[in-house]
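Our numbering puts the first residue of the sequence shown at 1162, with every later residue one more than the last.
Everything below concerns the one structure shown next.
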Amino acid sequence: MTLAIRDDLRNVAIVAHVDHGKTTLVDAMLRQTGSFGEHSNMGERLMDSGDLEKEKGITILAKNTAISYSGKASDGKTITINVIDTPGHADFGGEVERGLSMVDGVVLLVDASEGPLPQTRFVLRKALEANLPVILLVNKTDRPDARIDEVVEETHDLLLGLASDLADEVPELDIDAILDLPVIYASGRAGAASLNKPENGTLPDNADLEPLFGAIMKYIPAPKYDPEAPLQAHVTNLDASPFLGRLALLRVFNGTIKKGQQVAWVRQNGETQNVKITELLMTKALERFPTESAGPGDIVAVAGIEDITIGETLADPDDVRPLPLIAIDDPAISMTIGINTSPMAGRVKGAKITARLVKDRLDRELIGNVSIKVIPTDRPDAWEVQGRGELALAILVEQMRREGYELTVGKPQVVTKKIDGKLNEPVEDLTIDVPEEFLGSITQLLASRKGRMKNMT
């Protein structure tokens, strides 16, 4: 079977530890490719669209944007680069996994001072599990405390360690290729990147991001597809529109999807149902525009399927070939969320205080947030909500509070499960940076929680 290549397209995810500058870098990529008008005032961190994302300075949902690139490395053609901006928090790991299922390679972004941190390890492991090629981008080279050489070496060590750990799980991993990964030196805020290593604390010797675009063109493979295969499209995310209702974000792997077409919708339980695509939308910069059709490698949004959910497949009704469901890690933390039972309940006009309203809101969260689970308790007005970490649950509670829900919230607890008859709990890797005089106190606190010190520098 000969696979065809879509050489006018690249799908890439930007992964990193929280706050290392992913979203700022994507903003610079959008500006430099003319995705916005020359004089438009777009503000900062355009990809972080939620109020909480802007306030906390973190990315919570995996988002995609499409950049039209026609620079030096494009050979005179216009190349569409679909960029997925993923969260850096392990708490939002469900978003990272979904983001990686849409792409053919990753840009690993590491802070030139802090180096690879625990969350870097988490997202990088996910990328290697999917056997995706990696470009290393050392960001913030102009930080006064930058230590570029050590950071590159630490990242190589991390890659080697992860590749060795995954050798049995992913036998096709090419360790030599992983260690020869291309390195770009950049400052996302300045919108500058270079292949040449700058001095610590200085900007790259090139004024734009052209070296990064060149590396994406060279090292991230174009989408491959079987020209004879029928339609196969994987739902990786959900969104909603006030006019179109539920939108399913999907990547087309084979075949073509058209507006108005009848397709087979393969549900999670294996059932198949014929549905009509009422609207087909494609992303340009940060906006979605209607389109008539989309081919292999394209990332599009479809409307018209009310109950569609993440991990399901849209296929050709005459030749249904479902794609595998997306595997998401189990939750690690749980807490109880219930209605406000205090004497002050309902004093605020318009407050949402009934059990039915709270349950409906939790059910809506399950639609787009695959890493959260809602489990009934022995009380009709309280539910156990499980997530990947305290931050994911705190974000949910804060979003509900801002939407006018009155809640009682229990304390977070660790989710345990039985493996081979023994009770097991999740394990976390911590990196703690403290002055020497507090070392004893920190060690004592961790020991009380069964912590084991791996190394100290």
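All residues carry an ideal CB built from backbone N, CA and C; glycine is no exception.
Reduced DSSP category for residue i - H, G, I as helix; E, B as strand; rest coil
| i | result |
| --- | --- |
| PRO1359 | coil |
| PRO1372 | helix |
| ASP1188 | helix |
| SER1231 | coil |
| LEU1518 | helix |
| HIS1178 | coil |
| ASP1491 | coil |
| MET1496 | strand |
| ILE1377 | helix |
| GLY1260 | helix |
| LEU1298 | strand |
| LEU1170 | strand |
| LYS1217 | With a pLDDT of only 42 at LYS1217, under the threshold of 50, the placement of this residue in the model should not be trusted; the figure read from the coordinates follows. DSSP places LYS1217 in helix when its eight states are reduced to three. |
| LYS1615 | coil |
| LEU1475 | strand |
| GLU1545 | strand |
| ILE1466 | coil |
Check whether residue i and residue j have beta carbons under 8 Å apart
| i | j | result |
| --- | --- | --- |
| GLU1467 | GLY1406 | yes |
| LEU1591 | GLY1499 | no |
| PRO1541 | ALA1512 | no |
| LEU1373 | ILE1339 | no |
| GLY1362 | ASP1303 | yes |
| THR1433 | TRP1426 | yes |
| ASP1329 | ASN1300 | no |
| ALA1446 | ALA1189 | no |
| ASN1415 | LEU1399 | no |
| PRO1486 | ALA1394 | The amino acid occupying residue 1486 in the given sequence is Leu; Pro does not appear at that position. Not a contact, by the Cβ cut-off of 8 Å. |
| HIS1178 | THR1241 | no |
| SER1355 | PRO1343 | no |
| VAL1570 | VAL1558 | yes |
| LYS1385 | ILE1166 | yes |
| ILE1536 | GLU1526 | no |
| ILE1296 | VAL1268 | yes |
| ALA1307 | SER1274 | yes |
| THR1185 | GLY1349 | yes |
| GLY1375 | ALA1234 | yes |
| ASN1530 | ILE1514 | no |
| LEU1285 | LEU1327 | no |
| ASP1337 | LEU1164 | no |
Buried or exposed by the 16-neighbour rule on C-beta atoms within 10 Å, applied to residue i
| i | result |
| --- | --- |
| LYS1379 | exposed |
| ILE1219 | Reliability fails at ILE1219, whose pLDDT of 41 lies under 50, so the model's placement of it is uncertain and the value that follows must be treated cautiously. By the 10 Å Cβ count, ILE1219 comes out buried. |
| SER1609 | exposed |
| GLN1423 | exposed |
| GLY1249 | Here GLY1249 scores only 42 on pLDDT, less than 50, and its place in the model should not be relied on; the value that follows carries that caveat. GLY1249 comes out buried. |
| GLN1193 | buried |
| GLY1254 | Below a pLDDT of 50, predicted positions are generally treated as unreliable, and GLY1254, at 46, falls in that range; no measurement from the model is reported. |
| ARG1449 | buried |
| GLY1322 | exposed |
| ALA1493 | buried |
| VAL1519 | buried |
| ASP1477 | buried |
| ARG1549 | buried |
| SER1503 | exposed |
| ALA1368 | exposed |
| LYS1578 | exposed |
| GLN1605 | exposed |
| GLN1429 | exposed |
| SER1402 | exposed |
| GLN1547 | buried |
| GLY1266 | buried |
| PRO1359 | buried |
| GLY1276 | buried |
| THR1239 | exposed |
Integer Cβ distance of residue i from residue j, believed to fall under 8 Å
| i | j | result |
| --- | --- | --- |
| LEU1278 | LEU1298 | Rounded, the Cβ-Cβ distance is 15 Å, inconsistent with contact. |
| ARG1171 | ILE1460 | Actually they do not touch by this definition, with Cβ atoms about 11 Å apart. |
| LEU1289 | VAL1244 | Not confirmed; about 20 Å, so no contact. |
| VAL1187 | VAL1264 | So it is not a contact: roughly 14 Å between Cβ atoms. |
| ALA1383 | ASP1594 | Their Cβ separation, rounded to whole angstroms, is 41 Å, which puts ALA1383 and ASP1594 out of contact at 8 Å. |
| GLU1371 | LYS1419 | About 36 Å; that fails the 8 Å criterion. |
| MET1496 | ARG1522 | Not really, about 15 Å apart at Cβ, beyond 8 Å. |
| VAL1413 | LEU1441 | Their Cβ separation, rounded to whole angstroms, is 10 Å, which puts VAL1413 and LEU1441 out of contact at 8 Å. |
| ALA1409 | ILE1469 | 5 Å |
| GLN1294 | ILE1381 | The amino acid at residue 1294 is misidentified as Gln; the sequence shows Pro. Yes, they are in contact, since the Cβ atoms of PRO1294 and ILE1381 sit about 6 Å apart, within 8 Å. |
| ASN1292 | LEU1334 | 6 Å |
| LYS1437 | GLY1465 | 6 Å |
| ILE1533 | ALA1553 | 7 Å |
Test: residue i CB closer than 8 Å to a CB of chain C
| i | result |
| --- | --- |
| GLY1550 | Absent from the structure: chain C. Only one protein chain is present. |
(message) Which complete alpha helix (DSSP H) runs does the segment 1272-1296 hold, if anything under 4 residues is left out?
(response) Runs found: 1279-1290.
(request) Give, in chain order, every unbroken run of the alpha helix (DSSP H) that is at least 4 residues long and sits entirely within the segment 1308-1366. (result) Segments of the alpha helix (DSSP H) lying fully in the segment 1308-1366: 1309-1326, 1336-1340.
(request) Output the residue ranges of the beta strand (DSSP E) runs that lie fully inside the segment 1399-1451 and measure 3 residues or longer, sorted by chain position. (result) Positions of the beta strand (DSSP E) runs, each at least 3 residues long and wholly inside the segment 1399-1451, are given as 1406-1415, 1423-1427, 1433-1437, 1440-1445, 1448-1451 in order along the chain.
(message) Please give the ranges of any alpha helix (DSSP H) in the segment 1548-1613, keeping only runs that are unbroken, at least 4 residues long and fully inside the region.
(response) With a minimum length of 4 residues, the unbroken runs of alpha helix (DSSP H) contained wholly in the segment 1548-1613 fall at 1551-1563, 1600-1609.
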